[in-house]
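Colleague: Below you will find the structure I want to go over with you.
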Amino acid sequence: MEILFLILIKVIFPVFLLIGVGALLHRKYTLDMGTLSKLNNYLLMPAVCFTNIYESKIGGNTLLYIISFLALQTLFLICVSVGISKLYKFENGLSATFKNSVVLINSGNFGLPVSQLVFQHNPLGLSVQIVVMIFQNLLTYTYGLFNTVSVGRKGSQAIKIFLKNPVFYAFLLGIFLQATSIKIPEFIWTPIENTSNGFLVIALITLGAQSAFIKLHRLSAPLVLSLLGRLVLAPCIAFVTILILGLEGTIAQALFIASSFPTSRNSSLFALEYGNHPEYAAQAVLLTTLCSMITVTTVVYLSKIIFFY
Numbered sequence: 002m003e004i005l006f007l008i009l010i011k012v013i014f015p016v017f018l019l020i021g022v023g024a025l026l027h028r029k030y031t032l033d034m035g036t037l038s039k040l041n042n043y044l045l046m047p048a049v050c051f052t053n054i055y056e057s058k059i060g061g062n063t064l065l066y067i068i069s070f071l072a073l074q075t076l077f078l079i080c081v082s083v084g085i086s087k088l089y090k091f092e093n094g095l096s097a098t099f100k101n102s103v104v105l106i107n108s109g110n111f112g113l114p115v116s117q118l119v120f121q122h123n124p125l126g127l128s129v130q131i132v133v134m135i136f137q138n139l140l141t142y143t144y145g146l147f148n149t150v151s152v153g154r155k156g157s158q159a160i161k162i163f164l165k166n167p168v169f170y171a172f173l174l175g176i177f178l179q180a181t182s183i184k185i186p187e188f189i190w191t192p193i194e195n196t197s198n199g200f201l202v203i204a205l206i207t208l209g210a211q212s213a214f215i216k217l218h219r220l221s222a223p224l225v226l227s228l229l230g231r232l233v234l235a236p237c238i239a240f241v242t243i244l245i246l247g248l249e250g251t252i253a254q255a256l257f258i259a260s261s262f263p264t265s266r267n268s269s270l271f272a273l274e275y276g277n278h279p280e281y282a283a284q285a286v287l288l289t290t291l292c293s294m295i296t297v298t299t300v301v302y303l304s305k306i307i308f309f310y
């Protein structure tokens with residue numbers, strides 16, 4: 002109960018406060034959703050992705066174990082989400098948004114605070130979550146973005162749109178500068194960092210604005226499947242993957258917990274930018290975030306029993 006209360010006060014409440022502010026602002030002033038979408042996708046997202054890659058510092062066997070787990074788990078999730086989409090015969094736009102809602106997780110503003118609470122006396126646990134966040138950023142702006150822009154377009158057209166997105170180049174630049182240990186001058190780094198810091202607020206306000214007029218008369222089949230896929234199926238797949246790779250201790254515990262996090266808000270921003278069922282995408286982010294209070298607490302509890310360190 003103590004962990005649940007801490008997550009509620011330190012993570013869930015701040016997130017939903019900003020979402021609520023966005024909803025109220027949109028209801029009162031009718032925010033320009035197109036401008037918010039462009040601001041997120043073409044300025045704030047590239048900045049936050051670049052800073053995450055540039056500042057990352059972890060290596061050795063631990064990194065290899067973590068990457069192996071993330072790659073295998075992601076492959077399983079992609080295959081399962083594709084299978085469900087075909088089974089339920091989702092049209093292309095809905096299928097793309099559904100797959101993103103299952104595969105992409107909120108590993109930043111949700112995952113890091115949770116990990117800080119759980120592993121406050123064990124730095125390795127937080128380091129694992131940082132790697133998860135970087136991997137998810139890379140996955141979001143490769144698989145997630147391409148998955149979104151490919152709807153209704155030929156492969157060559159989707160590739161052209163993908164290559165025009167500045168986030169892709171922000172990742173490449175971040176990887177290059179991090180690998181070569183090139184120091185960015187402070188007068189350049191400061192505005193980049195300030196822009197990155199603004200992403201969380203604007204992204205959540207945008208999500209709130211998207212959700213301002215949402216009416217949940219009933220839970221649609223795609224929405225229920227997103228909830229089950231992200232919050233129930235994903236941790237189960239993670240547990241099996243951990244057993245397959247023979248992981249244990251803190252690494253296993255941290256990866257198991259990370260698998261229970263809600264849908265990434267970036268999936269909602271992509272859906273808004275490219276017109277792939279943005280209302281459904283916003284609902285998936287909101288409901289998985291709300292329900293994750295239960296699933297994350299349960300997984301944290303189980304992880305302490307199964308993968309004690």
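In case it helps, my numbering puts the sequence shown at residues 2 to 310.
Beta carbons: idealized from backbone N, C-alpha and C, even for Gly.
Compute the distance between the beta-carbons of residue 233 and residue 262, then report whether it is under 8 Å.
Modeller: no
Colleague: Between which two residues does the alpha helix (DSSP H) carrying residue 100 extend?
Modeller: 93 to 104
Colleague: List the DSSP bridge partners of residue 264.
Modeller: 106
Colleague: Any chance you could list the alpha helix (DSSP H) runs of at least 4 consecutive residues sitting entirely within the segment 174 to 233, in chain order?
Modeller: Runs of the alpha helix (DSSP H) inside the segment 174 to 233: 187 to 198, 200 to 212 and 222 to 229.
Colleague: Who are the near neighbours of residue 166 in its chain, counting only those whose CB is closer than 7 Å to its CB and skipping five residues on each side?
Modeller: Residues of the same chain with a CB within less than 7 Å of the CB of residue 166, apart from the 5 flanking positions on each side, are 146 in chain order.
Colleague: Just checking, does the segment 84 to 104 make contact with the segment 246 to 261 on the three C-beta pairs under 8 Å criterion?
Modeller: no
Colleague: Check whether the Cβ atoms of residue 231 and residue 116 lie closer than 8 Å to each other.
Modeller: Contact: no.
Colleague: With a Cβ-Cβ cutoff of 8 Å, do residue 228 and residue 289 count as a contact?
Modeller: yes
Colleague: Ignore the nearest five residues each way along the sequence and tell me which others in residue 51's own chain have a CB closer than 8 Å to its CB.
Modeller: Within the same chain, residue 51 has close Cβ partners 171, 172, 174, 175, 193 and 197.
Colleague: Do residue 140 and residue 178 have their C-beta atoms within less than 8 Å of each other?
Modeller: no
Colleague: Quick one: grab the DSSP three-state call for residue 248.
Modeller: coil
Colleague: Which residues mark the beginning and the end of the alpha helix (DSSP H) in which residue 145 is found?
Modeller: Looking at the DSSP string, residue 145 is not in any alpha helix (DSSP H), and its letter there is neither H nor E.
Colleague: I believe residue 212 touches residue 24 by the beta-carbon criterion, under 8 Å. Please report the beta-carbon distance rounded to the nearest angstrom.
Modeller: About 6 Å separates the two Cβ atoms, so the contact holds.
Colleague: Please look up how many angstroms separate the CB atoms of residue 53 and residue 148, rounded, as I've assumed it's under 8 Å.
Modeller: In fact, because the Cβ distance is near 21 Å, the residues do not count as touching under 8 Å.
Colleague: Less than 8 Å between the beta carbons of residue 143 and residue 277, yes or no?
Modeller: In this structure, residue 277 does not lie closer than 8 Å to residue 143 by Cβ.
Colleague: Decide if residue 120 is buried, meaning its Cβ has at least 16 other Cβ atoms within 10 Å, or exposed.
Modeller: buried
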